[in-house]
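The next block holds one structure in the form of structure tokens; read it before the comments.
In the working numbering, the protein residues as written are 4 to 415.
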């Protein structure tokens with residue numbers, strides 16, 4: 004690919020990262036706010052996600068209806084999301100609408116957080132929290148993070164709690180917003196058929212007057228706590244069994260290997276699929292690598308009839324021990340790498356997907372990786388790197404087991 008990259012920083016600290024994709028007719032634009040639930044205080048748990056909703060509710064120039072109409076008028080594919088460590092707002096448009104898209108997103112970054120919308124949106128968030136408690140998978144993930152990282156900001160849900168969201172005041176949110184959405188804690192990312200200097204001028208015009216805040220972005224890595232916990236919930240019909248173990252962070256040289264491990268063990272046509280799901284032990288079982296900049300988790304899990312929990316745990320343990328103790332076969336590695344190559348190649352052709360890849364790289368690594376660099380990391384995964392991963396991060400011991408469902412299991 005003949006893509007090129009440009010990096011700028013405005014006088015107020017706003018960073019700009021641009022990937023020029025000359026062979027596409029579109030452009031994707033995003034504002035990365037380097038803030039998420041792990042940057043919250045306990046009493047403000049959930050403020051980052053609540054704030055994401057409020058950013059669509061009005062500015063000094065537009066009300067919520069005008070914001071939505073403006074996106075649609077330029078044909079934008081747009082959205083936003085909040086995670087533990089970032090919030091991202093983005094839109095994908097035809098090349099000729101680039102300036103309009105940057106201006107609209109920039110206007111949203113100076114939200115007025117209108118008081119008349121605050122209570123209504125709070126009720127929306129409270130409904131989301133209630134709905135998450137009706138999903139056993141969400142309950143299990145929340146419990147797992149709460150127990151493996153007790154007392155750390157990664158331990159509370161991104162949505163927050165009924166008490167913290169319900170008691171949140173608009174002025175406290177506005178203080179958080181002014182501090183965390185300052186230009187020196189934001190990154191403007193653009194990918195597509197664009198001229199870097201033109202993008203820089205647009206950014207200067209729409210964002211150059213924002214005052215910096217001197218944000219301190221230092222974060223403390225959590226300490227992993229092994230153990231065992233259970234929550235009995237009679238309203239569910241199934242039992243979830245999950246085990247978390249420490250894993251590499253997203254910036255580690257073995258991060259791609261960790262992803263391959265999770266896919267071999269618990270992805271499509273994986274060992275879990277053939278030896279747990281297809282044998283009738285569990286209708287759903289899997290593994291995934293949960294990673295941040297400074298820490299990571301490897302989570303193996305399954306869902307089953309409550310009476311089958313012992314059998315499911317034994318099967319998960321058996322597969323985890325086998326992949327650690329016996330060499331992974333070449334054909335397994337090749338299958339996973341081929342799927343990963345196809346995915347990266349397809350995503351590399353669309354500014355929309357490149358935008359989120361660049362966002363991840365810039366946030367965690369400071370600069371973007373090219374598609375070729377990402378593919379080279381996939382090519383470097385071998386049975387030997389998987390063996391090296393397990394030498395440093397075994398998944399058959401020292402983990403934290405949790406159980407959620409109608410059965411009070413396991414008993415200590």
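Glycine residues also receive a C-beta, built at the ideal position from the N, C-alpha and C atoms.
Ranked by how close their Cα comes to the Cα of residue 209, the residues 64, 49 and 327 have 64 in first place. Assignment of residue 85 by DSSP, reduced to helix, strand and coil, places it in the strand class. When C-alpha distances from residue 385 are compared across 259, 372 and 135, the shortest belongs to 259. Here DSSP, grouped into helix, strand and coil, assigns residue 161 to coil. Counting C-beta atoms within 10 angstroms of its own C-beta, residue 154 has fewer than 16 neighbours from the protein chains shown and is therefore classed as exposed. For residue 195, the enclosing beta strand (DSSP E) has its first and last residue at 189-195. Non-local beta-carbon contacts of residue 215 in its own chain, meaning distances under 7 Å to residues more than five positions away in sequence, involve 15, 16, 185, 186 and 187 in chain order. Within the stretch 333-376, no run of beta strand (DSSP E) reaches 3 residues while sitting entirely inside it.
By the criterion of a C-beta distance shorter than 6 Å, residue 397 is surrounded in its chain by 327, once the five residues flanking it on both sides are discounted.
Secondary structure of residue 248 (DSSP, three-state): strand. Residue burial annotation: residue 345 is exposed, with fewer than 16 other C-beta atoms found within 10 angstroms of its C-beta.
Measuring C-alpha to C-alpha distances from residue 232 to each of 415, 32 and 37 identifies 415 as the nearest. Leaving aside the five residues that flank residue 314 on each side, the residues in its chain whose CB is nearer than 8 Å to its CB run, in chain order, 284 and 307.
Taking the C-beta atoms as reference points, residue 405 is found no nearer than 8 Å to residue 241. In this structure residue 197 is in contact with residue 21, their Cβ atoms being roughly 6 Å apart against a cut-off of 8 Å. As the crow flies, the alpha-carbon of residue 333 is around 11 Å from that of residue 389.
Taken through DSSP and simplified to helix, strand or coil, residue 307 comes out as strand. Here residue 162 has 49, 52, 128, 131, 132, 135 and 168 as same chain residues with Cβ atoms under 8 Å from its own Cβ, once five neighbours each way along the sequence are excluded. For residue 96, the enclosing beta strand (DSSP E) covers residues 90-97.
Note on residue 277: under 16 other CB atoms within 10 angstroms of its CB, so exposed under the neighbour-count rule.
Nearest to residue 115 by C-alpha distance, out of 97, 180 and 72, is 180. Taken through DSSP and simplified to helix, strand or coil, residue 34 comes out as strand.
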